[in-house]
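Visitor:
And the structure:
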C-alpha cells in the first residue's frame with residue numbers, strides 16, 4: 001500500500017493508519033498484478049494496518065528538520081546513511097562569529113588555575129585502569145601518548 005501516513009501506535013504493537021491509501025501490488029490467487037491495475041481504483045479514505053500485517057514502512061521525501069524545511073542532500077541526491085557532515089549542515093549557526101576563551105576572574109578564590117587543575121591534591125588520585133584491574137581482572141593496554149600530543 002501507499003498513502004499518507006496519518007498515525008501509529010508506537011506504545012504497543014506499532015500498527016499504522018494511512019489516509020488516501022492505494023494498493024501498489026495486489027497479490028491474488030493468479031499471482032501478482034501490475035501496479036497500474038490498482039491505479040484505476042479509488043483510494044481508500046482510511047486504511048488501518050495491524051502490526052501483524054505490517055512488514056515495512058518507507059517514508060519518501062519526509063523533512064527531517066524541526067522547522068519543516070525539506071533537506072537536500074548534496075545536490076538533491078538522497079542517501080540512506082546520514083553523515084555527520086550532513087547533520088551539521090542542517091544546524092544554522094551565525095557565521096563570522098569568533099569564539100572567545102573563557103577566563104575566570106583574577107580575584108575569584110573559588111576558581112583554581114586551569115592549567116594546573118589536575119596537579120592539586122584535592123583532585124585525588126583515582127585511576128580508572130587500576131580500579132578495572134582490581135574489580136574485573138582486566139589489564140589495560142591504554143597508552144595516552146597515542147591519543148594526545150606533548
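Numbering (UniProt numbering), first residue to last: 1 to 150. Where a beta carbon is used, it is the ideal one built from N, C-alpha and C, also for glycine.
Can you list, in chain order, the residues of its chain whose CB lies under 8 Å from that of residue 1, leaving out five sequence neighbours each side?
Guide: Correct list, in chain order: 18, 21, 22, 23, 24, 47 and 49.
Visitor: State the DSSP-derived secondary structure class of residue 69, mapped to helix, strand or coil.
Guide: Residue placement at residue 69 is poorly supported in this model, since its pLDDT is 47, which falls under 50; the coordinates are not used for a value here.
Visitor: From the DSSP output, read off the bridge partner residues of residue 47.
Guide: Residue 47 pairs with 18.
Visitor: Near residue 139, which residues of its chain fall below 7 Å by C-beta distance, leaving aside the five closest residues on each side in sequence?
Guide: So the qualifying residues of the chain are 133.
Visitor: To the nearest whole angstrom, what separates the beta carbons of residue 54 and residue 14, a pair I think is in contact under 8 Å?
Guide: That belief holds up - the Cβ atoms of residue 54 and residue 14 are roughly 7 Å apart, short of 8 Å.
Visitor: Find out if the Cβ-Cβ distance for the pair residue 3, residue 43 is shorter than 8 Å.
Guide: Result yes, Cβ atoms of residue 3 and residue 43 sit closer than 8 Å.
Visitor: DSSP three-state label for residue 5, please.
Guide: Three-state DSSP puts residue 5 in a strand.
Visitor: Taking its Cβ as the centre, do 16 or more other Cβ atoms sit within 10 Å of residue 137, making it buried, or is it exposed?
Guide: Burial call: exposed.
Visitor: With distances taken from CA atoms, which of 7, 103, 45 and 98 is nearest residue 57?
Guide: Residue 7 is the option with its Cα nearest to residue 57.
Visitor: Measure the C-alpha to C-alpha separation of residue 143 and residue 107 and round it to an integer number of angstroms.
Guide: Looking at the two C-alpha atoms, the distance is approximately 38 Å.
Visitor: Given residue 146, which residues of its chain have a CB within under 7 Å of its CB, disregarding the five upstream and five downstream residues?
Guide: So the list is empty, once near-sequence residues are dropped.
Visitor: I need the DSSP call for residue 98, collapsed to helix, strand or coil.
Guide: Residue 98: coil per DSSP, three-state reduction.
Visitor: For residue 24, does the three-state DSSP call read helix, strand or coil?
Guide: Correct three-state label for residue 24: coil.
Visitor: Check each candidate in 61, 40, 16 and 60 and name the one with the smallest Cα separation from residue 51.
Guide: Nearest option by C-alpha distance: 16.
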